[in-house]
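For reference, the structure is listed below as structure tokens.
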Amino acid sequence: MDVLECARVTLLNRSLLGLLLKWQAGADAKCNDARCRYGLWHLGCVTAACTAAGGHHVVGLDSDEKVIADLKNGKAPIREPGLDEMIARQLSEGNLSFTTDAKSALSDAEVLWVCFDTPVTEQDEADVDFLNQRLDAI
Numbered sequence: 019m020d021v022l023e024c025a026r027v028t029l030l031n032r033s034l035l036g037l038l039l040k041w042q043a044g045a046d047a048k049c050n051d052a053r054c055r056y057g058l059w060h061l062g063c064v065t066a067a068c069t070a071a072g073g074h075h076v077v078g079l080d081s082d083e084k085v086i087a088d089l090k091n092g093k094a095p096i097r098e099p100g101l102d103e104m105i106a107r108q109l110s111e112g113n114l115s116f117t118t119d120a121k122s123a124l125s126d127a128e129v130l131w132v133c134f135d136t137p138v139t140e141q142d143e144a145d146v147d148f149l150n151q152r153l154d155a156i
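Everything in the sequence shown is counted per our numbering, starting at 19 for the first residue and increasing by one.
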């Protein structure tokens with residue numbers, strides 16, 4: 019199963035996603051595995067910076083060139099206290115990078131976190147069509 023297919027499976031199972039979040043929080047502080055965050059709005063840029071601060075190598079991926087340019091300069095697309103400083107520090111320490119190039123972002127990734135809001139139906143069921151479209155785009 020490739021990284022994209024694994025992400026699709028994860029999206030279809032909310033409890034599995036919850037387990038991944040718990041696993042991420044409890045991962046060893048220093049390790050060499052690469053993680054990719056796809057979608058760099060609130061969830062994506064915050065978890066990218068925090069995971070990098072935990073010692074992981076993180077590549078942030080987004081199709082918005084302005085968002086990527088700002089992030090490369092330490093400027094988050096959202097206002098979150100301390101986030102700009104954390105991003106700048108992780109960039110300078112080499113734990114964090116940003117790109118619009120999916121191929122390079124995914125080339126060494128062992129984990130892909132898809133960080134887009136999941137729309138829900140009127141029955142409060144996850145509508146993963148949007149997320150699948152995002153995955154198809156990369």
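C-beta atoms are modelled at their ideal positions from N, C-alpha and C, and glycine is treated no differently.
Item, Value
"Assigned exposure category for D154 - 16 Cβ within 10 Å defines buried", "exposed"
"Entirely enclosed beta strand (DSSP E) segments - the region 52–130, minimum 3 residues", "52–56, 75–79, 114–117"
"Residues that A16 bridges to, as DSSP identifies them", "Outside the modelled stretch of the chain, which goes from 19 to 156, sits residue 16, for which no answer is possible."
"F148 versus R107: straight-line alpha-carbon distance, rounded", "33 Å"
"Neighbourhood of L101 by C-beta distance below 8 Å, restricted to the same chain and skipping five residues each side", "C63, V64, A67, A94"
"Pairwise C-alpha distance: D145 and E83", "27 Å"
"Best match in L89, H75, G73 for proximity to H60 [C-alpha to C-alpha]", "L89"
"N113 to S122 span [Cα, whole Å]", "16 Å"
"Residue environment, R53, which counts as buried when at least 16 other CB atoms sit within 10 Å", "buried"
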